[in-house]
Amino acid sequence: MSATTTRPTATKPLSLNRRRTGSLAWHIGALLILAVILYPVLWVVGASFKPSKDIINSLQLFPGHPILANFKGLADGIADISIWTFFENSLFYAGGAVVGILISCSLTAYAFAKIRFAGRNLLFSLMIGTLLLPYHVLLIPQYVMFQKLELINTYVPLLLGKYLATEAFFVFLMVQFMRNLPRELDEAARIDGCGHLRIYWSIVLPLCRPALITSAIFTFINAWNDFMGPLIYLNEPGKYTVSLGMMMFRDSDGVAANYGGLIAMSLVALLPVLLFFLAFQRYLIDGMATSGLKG
Amino acid sequence: MTLVKDSAPATRRARSAAPAAEKRRGRRENLAGYLFMSPWIAGFLLLTAGPMVASLYFAFTDYNLFNTPKWVGLDNFTKMFDDPRWQKSVEVTAKYVVIGTPLKLLLALGVALLLAQSRRGQAFYRAAFYAPSLIGASVSVAFVWRSIFSDNAIVDRAMSAVGIHAGGWVGNPDWILYSLVALTVWQFGAPMVIFLAGLKQVPRELYEAAELDGAGAFRKFWSITLPMISPVLFFNVLLETIHSFQIFGSAYVVSNTYCGPADATLVYTCYLYQQGFKNAQMGFASAMAWMLLLAVALVTAVLFWSQKKWVHYEEDAR
Chain E
49 MSATTTRPTA TKPLSLNRRR TGSLAWHIGA LLILAVILYP VLWVVGASFK
99 PSKDIINSLQ LFPGHPILAN FKGLADGIAD ISIWTFFENS LFYAGGAVVG
149 ILISCSLTAY AFAKIRFAGR NLLFSLMIGT LLLPYHVLLI PQYVMFQKLE
199 LINTYVPLLL GKYLATEAFF VFLMVQFMRN LPRELDEAAR IDGCGHLRIY
249 WSIVLPLCRP ALITSAIFTF INAWNDFMGP LIYLNEPGKY TVSLGMMMFR
299 DSDGVAANYG GLIAMSLVAL LPVLLFFLAF QRYLIDGMAT SGLKG
Chain Z
310 MTLVKDSAPA TRRARSAAPA AEKRRGRREN LAGYLFMSPW IAGFLLLTAG
360 PMVASLYFAF TDYNLFNTPK WVGLDNFTKM FDDPRWQKSV EVTAKYVVIG
410 TPLKLLLALG VALLLAQSRR GQAFYRAAFY APSLIGASVS VAFVWRSIFS
460 DNAIVDRAMS AVGIHAGGWV GNPDWILYSL VALTVWQFGA PMVIFLAGLK
510 QVPRELYEAA ELDGAGAFRK FWSITLPMIS PVLFFNVLLE TIHSFQIFGS
560 AYVVSNTYCG PADATLVYTC YLYQQGFKNA QMGFASAMAW MLLLAVALVT
610 AVLFWSQKKW VHYEEDAR
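Keeping their order, the protein sequence lines are chains E and Z.
Just remember that the working numbering sits 48 ahead of the position in the first sequence, which is counted from 1.
Just remember that the working numbering sits 309 ahead of the position in the second sequence, which is counted from 1.
Below you can see the structure in the form of structure tokens.
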């Protein structure tokens, strides 16, 4: 099925014709899917410029008379908290997570990929096992532990795991990448008397840049989107992340008193992720593709 | 999954060295290995293995976070099986997984096959279709979903136009779960990217040989494409299924934190959250978590067992 387009055949005129209609159908199909995919994103852009009462009822994607009131309202914050506080908190969480993941997962991956130590295969199987483990089994005991340590309402429970390489997906991604580096490089370095730390820092890490970038962006986006972690561990609005702060915009009916504010906030919260995606989509998609191919 | 392979040259070199030096080097390698691994080992013991043991213990106790856990044997499990809300949460989750995952994967495979046909525009569409997978889990998108599936909004009006008057899906217990299914299907881009990468690796010669033998498009798909991408299909089925068992955030927000109406979106983790963190039933919630683990383990085992029958691995895959 996938090889039908670029095939030279003897019956040229016919197949050329067929190819052209095929190509048209292809583009129409792809554009239709694109419209469905993009609709919710365009909807939130349009809706954030509408007055609250029109947001649900008006079918017009973009308002005839766009207003800025929703965004101006955001500047006042909510319940005496500036929305910048939420952004700062999210940035702190996501940035801290990126640093932790890059350090801890690359060290672990180096050990798996480049050091031959006793028990390596067993530990690697355990690491792969945690990839499939539902997080919810750990939720209650981890909460109990952090509660006993009086770390509830801090970022320690959210960040500690990132510094201890508990995100097996990124370890796995980096191991795959490091294994494919030419062995001669680190063997030559060994003969020259380099230790592992030196090889890790000066040879392997610089060569792993694509895998590191992929991991960094995924980590940032996951932390930015994270909802359950902050919901459970943070209970003081001043410490809320963006995803938790947004919940304050709705009232008990779910239809927020300030519906326009909620939708504008939704758009603003999406922007960092969308920008990251536009800037780094190659790294994200290639990273995603390799994780599946070599699994 | 591939395990770490020892590299042949290194082994040979080590063998030819003097035994004492070899031993010393081995010990140094062990030390270096465990030093590099130390963050992971600490994390594994402190945040994974330890909590798993603790959670297994809590599952057999009555514990509200402030009392000392009291051993109650199988009480939590018998209570759980008799609990109509627990049964409901199993039913809701099963429905969500069984309907959502196949739909999402079928769409992902279909669109991947479509995109694989043309080079022109492929990169653009691939990126655009992938974007929802990045934002789909966010609270923002959950609010957007809640809006476009409410009364009198676009989905309701489109359905009314063809004669189905269901009102807003989010207010209707019969429909709200399908808005969550739609949300997961909307994120078909991630498995699609993996399918596409798999499709690219199918050798062209196979198709050419099949064409010489007069095979049609369907035959080529069934006898070449499908077996050749079966490892990728297996990976996607495994990951997406395990993933969708654990849906929480979007169900919680789309249903306005109640996981309703009428418990219609009471997915498993939502009930676990309510029991553990709203009702402080840490023992009961731990028992629930272990049932989830068992279910996921069972599904994983069945998939791994079945892969012998339908997953085709090339001899020299690496």
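Every residue, glycine too, gets a C-beta built ideally from N, C-alpha and C.
Span separating the alpha-carbon of residue i from that of residue j
i              : j              : result
W599 (chain Z) : Y281 (chain E) : 22 Å
F369 (chain Z) : F390 (chain Z) : 14 Å
A560 (chain Z) : L253 (chain E) : 40 Å
M310 (chain Z) : L548 (chain Z) : Its pLDDT being 41, under 50, M310 (chain Z) is placed unreliably in this model, and the value from its coordinates should be taken loosely. Near 13 Å, if we compare the C-alpha coordinates of L548 (chain Z) and M310 (chain Z).
Q616 (chain Z) : G144 (chain E) : 40 Å
G430 (chain Z) : A341 (chain Z) : 48 Å
A421 (chain Z) : A216 (chain E) : 27 Å
A589 (chain Z) : F375 (chain Z) : 9 Å
H552 (chain Z) : L355 (chain Z) : 24 Å
N385 (chain Z) : M591 (chain Z) : 10 Å
A157 (chain E) : A166 (chain E) : 16 Å
P318 (chain Z) : L229 (chain E) : Legend: pLDDT at P318 (chain Z) = 49, less than 50; position of this residue unreliable, value from coordinates given subsequently. Taking the straight line from one Cα to the other gives about 16 Å.
R337 (chain Z) : H244 (chain E) : 10 Å
L196 (chain E) : Y343 (chain Z) : It should be noted that the sequence gives Lys, not Leu, for residue 196 (chain E). K196 (chain E) and Y343 (chain Z): Cα-Cα distance of roughly 30 Å.
W272 (chain E) : F324 (chain E) : 12 Å
F328 (chain E) : Q190 (chain E) : 34 Å
T54 (chain E)  : L418 (chain Z) : Because the pLDDT at T54 (chain E) is just 44, under 50, the model does not fix this residue reliably, and the point stays unresolved.
G77 (chain E)  : V84 (chain E)  : 11 Å
M226 (chain E) : E517 (chain Z) : 35 Å
A259 (chain E) : D522 (chain Z) : 43 Å
Y405 (chain Z) : P328 (chain Z) : 60 Å
G476 (chain Z) : S488 (chain Z) : 13 Å
G277 (chain E) : L581 (chain Z) : 14 Å
G279 (chain Z) : G121 (chain E) : Limits of chain Z in this structure are 310 at one end and 627 at the other, which puts residue 279 (chain Z) out of reach.
A499 (chain Z) : A123 (chain E) : 35 Å
H113 (chain E) : D465 (chain Z) : 25 Å
N545 (chain Z) : R334 (chain Z) : 41 Å
L72 (chain E)  : G445 (chain Z) : 30 Å
F452 (chain Z) : T574 (chain Z) : 15 Å
Y183 (chain E) : V620 (chain Z) : 28 Å
P393 (chain Z) : V605 (chain Z) : 22 Å
D128 (chain E) : L139 (chain E) : 20 Å
Q409 (chain Z) : F530 (chain Z) : Note that residue 409 (chain Z) corresponds to Gly in the displayed sequence, not to Gln. G409 (chain Z) and F530 (chain Z): Cα-Cα distance of roughly 24 Å.
Residues bridged to residue i [DSSP beta-bridge criterion]
i              : result
I485 (chain Z) : Per DSSP, none; premise fails for I485 (chain Z).
I129 (chain E) : E:I126
K379 (chain Z) : Z:D371
Neighbourhood of residue i by C-beta distance below 8 Å, restricted to the same chain and skipping five residues each side
i              : result
I176 (chain E) : A216 and F220
G480 (chain Z) : S459, D460 and P570
V608 (chain Z) : T550, I551 and F554
V381 (chain Z) : F369, T370, D371 and G592
L179 (chain E) : A216, F217 and F220
Residues near residue i by beta carbon distance below 6 Å, same chain, minus five either side
i              : result
G335 (chain E) : T262
I247 (chain E) : D234 and A237
Y211 (chain E) : G148 and S152
A142 (chain E) : F268, A271 and W272
F110 (chain E) : G94
E520 (chain Z) : none
F543 (chain Z) : Q616 and V620
S564 (chain Z) : T574
K314 (chain Z) : Only weak support exists for where K314 (chain Z) lies, its pLDDT of 44 falling under 50; the coordinates are left without a value.
Spatial neighbours of residue i in its chain, beta-carbon cut-off 7 Å, leaving aside the 5 residues before and after
i              : result
L424 (chain Z) : Q431, Y434, R435 and L505
T338 (chain E) : Q224
T133 (chain E) : G286
Y307 (chain E) : S100 and I103
L150 (chain E) : L260, S263 and A264
Check your understanding: Of all the residues that make up the segment 280-292 of chain E, which are near chain Z by a beta-carbon distance shorter than 9 Å?
Key -> I280, V290, S291 and L292
Check your understanding: Where are the alpha helix (DSSP H) runs, 4 residues long or more, that stay fully inside the segment 142-201 of chain E, in chain order?
Key -> 168-180 and 184-196
Point to revise | Interface residues of the segment 192-221 of chain E facing chain Z [CB-CB below 8 Å] | key: V192, M193, Q195, L208, G209, Y211, L212, A213, T214 and V219
Review point. Which residue spans inside the segment 424-465 of chain Z form an unbroken beta strand (DSSP E) run of at least 3?
Key: none
Point to revise | Residues within the segment 115-132 of chain E neighbouring chain Z, beta-carbon criterion of under 8 Å | key: none
Point to revise | Residues in the segment 131-158 of chain E having any Cβ partner in chain Z nearer than 7 Å | key: S152, L155, T156 and Y158
Check your understanding: In chain order, what residues of the segment 449-468 of chain Z put their CB closer than 9 Å to some CB of chain E?
Key -> S449, V450, A451, F452, V453, W454, R455, S456, I457, S459, D460, N461, A462, I463 and R466
Exercise for review: Could you name each continuous alpha helix (DSSP H) segment of 4 residues or more that falls completely within the segment 72-115 of chain E, going from the start of the chain to the end?
Suggested key: 102-105
Review point. Taking Cβ-Cβ distances below 7 Å as the criterion, which residues of the segment 578-609 of chain Z are in contact with chain E?
Key: T578, L581, G585, F586, M591, A594, S595, A598, W599, L601, L602, V605 and T609
Point to revise | Residues from the segment 244-278 of chain E in contact with chain Z, defined by Cβ distance under 7 Å | key: H244, I269, N273, F275 and M276
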